[in-house]
Structures are given as structure tokens and as C-alpha cells.
Amino acid sequence: MDEDKEVLAASLNAPSLDPHSFSPILTIVSAVYLNIRLLADGTRCPLSSSLFIICIEYLSHYIQSNKHIKGISLEPDEEIKQSLFADDATYFVNDSSDSFDNLIESLTLFGTASGLKLNKSKCTVLR
Numbered sequence: 014m015d016e017d018k019e020v021l022a023a024s025l026n027a028p029s030l031d032p033h034s035f036s037p038i039l040t041i042v043s044a045v046y047l048n049i050r051l052l053a054d055g056t057r058c059p060l061s062s063s064l065f066i067i068c069i070e071y072l073s074h075y076i077q078s079n080k081h082i083k084g085i086s087l088e089p090d091e092e093i094k095q096s097l098f099a100d101d102a103t104y105f106v107n108d109s110s111d112s113f114d115n116l117i118e119s120l121t122l123f124g125t126a127s128g129l130k131l132n133k134s135k136c137t138v139l140r
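If you read the sequence shown in the working numbering, its first letter stands for residue 14, the second for the next number, and so on.
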């Protein structure tokens with residue numbers, strides 16, 4: 014299985030998703046050559062936006078559950094780490110350089126596995 018398909022399969026098997034809902038998608042993807050990199054470059058596949066959202070949801074779940082990435086505390090037992098909309102993401106980490114480094118490491122690792130990458134010309138870090 015290609016790396017891209019492995020990321021998609023792992024995303025579809027995320028604990029937050031019902032595996033029975035997505036088994037038909039895995040069947041289609043296994044039967045047809047589907048490359049997430051091509052989808053990101055504008056292939057007009059009817060499933061492309063849905064597959065992208067599923068993969069980003071997997072990344073979001075990983076970041077949210079990562080204890081080494083500390084978000085910004087809103088209340089004593091609430092924190093915010095991210096805000097996602099379509100293909101835009103905003104990440105909120107505390108002032109710890111470890112949290113920021115762990116976030117960048119997570120995004121880089123996901124990018125290596127999926128073929129997706131940050132558009133550095135659109136990235137800003139506020140301190």
C-alpha cells in the first residue's frame with residue numbers, strides 16, 4: 014500500500030470514527046489508484062475534499078491528544094490547541110518552546126507520511 018493510502022487508512026480507522034461508515038471508501042481507494050498529493054494539487058475527484066477532511070481530522074485528533082503539546086488555558090480544566098476551517102489551521106500553544114517544537118515535529122511527521130506540507134509563506138508565529 015502506498016504511504017498516502019496508509020495515512021488515509023489510519024485516518025479512517027481513528028477511534029473517533031465509526032469503522033463501518035468508511036469501509037466502502039477504503040474498498041474504493043484500494044481498487045483505484047488514488048494519490049492524496051494529486052488531490053491536493055487539484056484533481057477533480059468527487060471524494061477529494063471529504064478524504065482531505067478525514068485526514069486532517071486524524072491530525073487534529075493526534076494534536077489534541079498529544080500531552081507534549083500544551084495549548085492555551087481558557088479555564089482551569091479547559092485548553093484550546095487548534096482551530097480548523099477547510100484547509101486553514103490555527104494552532105495555539107503555551108509559551109513553552111517544547112510545546113511549539115512538539116507541534117512542529119508533529120506537523121512535519123504528518124507531512125512526511127501524507128505528502129501534505131505547510132505553506133511557509135502563509136505561516137505566522139505570534140508570541
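For glycine and all other residues, C-beta sits at the position ideal for the given N, C-alpha and C.
Cβ neighbour criterion (16 or more within 10 Å) applied to residue i
| i | result |
| --- | --- |
| CYS136 | exposed |
| VAL138 | exposed |
| LEU122 | exposed |
Cβ-heavy atom distance, residue i to the ligand MG, below 8 Å
| i | result |
| --- | --- |
| SER61 | The ligand MG is not part of this structure, which contains no ligands at all. |
Terminal residues of the alpha helix (DSSP H) in which residue i lies
| i | result |
| --- | --- |
| ILE93 | From DSSP, ILE93 is part of no alpha helix (DSSP H) but of the beta strand (DSSP E) over 91-93. |
| ASP100 | ASP100 -> no alpha helix (DSSP H), and no H or E assigned at all. |
| ILE76 | 61-78 |
| GLY128 | From DSSP, GLY128 is part of no alpha helix (DSSP H); its letter is neither H nor E. |
Residue i to residue j span [Cα, whole Å]
| i | j | result |
| --- | --- | --- |
| LYS80 | LEU120 | 15 Å |
| LEU87 | LYS94 | 10 Å |
| SER127 | SER62 | 15 Å |
| ASN115 | GLY84 | 12 Å |
| ASN132 | PRO89 | 34 Å |
| ILE66 | SER110 | 29 Å |
| GLU70 | THR103 | 14 Å |
| ASN107 | GLY124 | 23 Å |
Contact belief for residue i with residue j at Cβ below 8 Å, rounded distance in angstroms
| i | j | result |
| --- | --- | --- |
| SER112 | ILE82 | 5 Å |
| LEU97 | SER78 | Contact doesn't hold; Cβ gap of about 15 Å is too wide. |
Residue range of the unbroken beta strand (DSSP E) whose run includes residue i
| i | result |
| --- | --- |
| LEU213 | Past the edges of the chain, shown from 14 to 140, lies residue 213, and the structure says nothing about it. |
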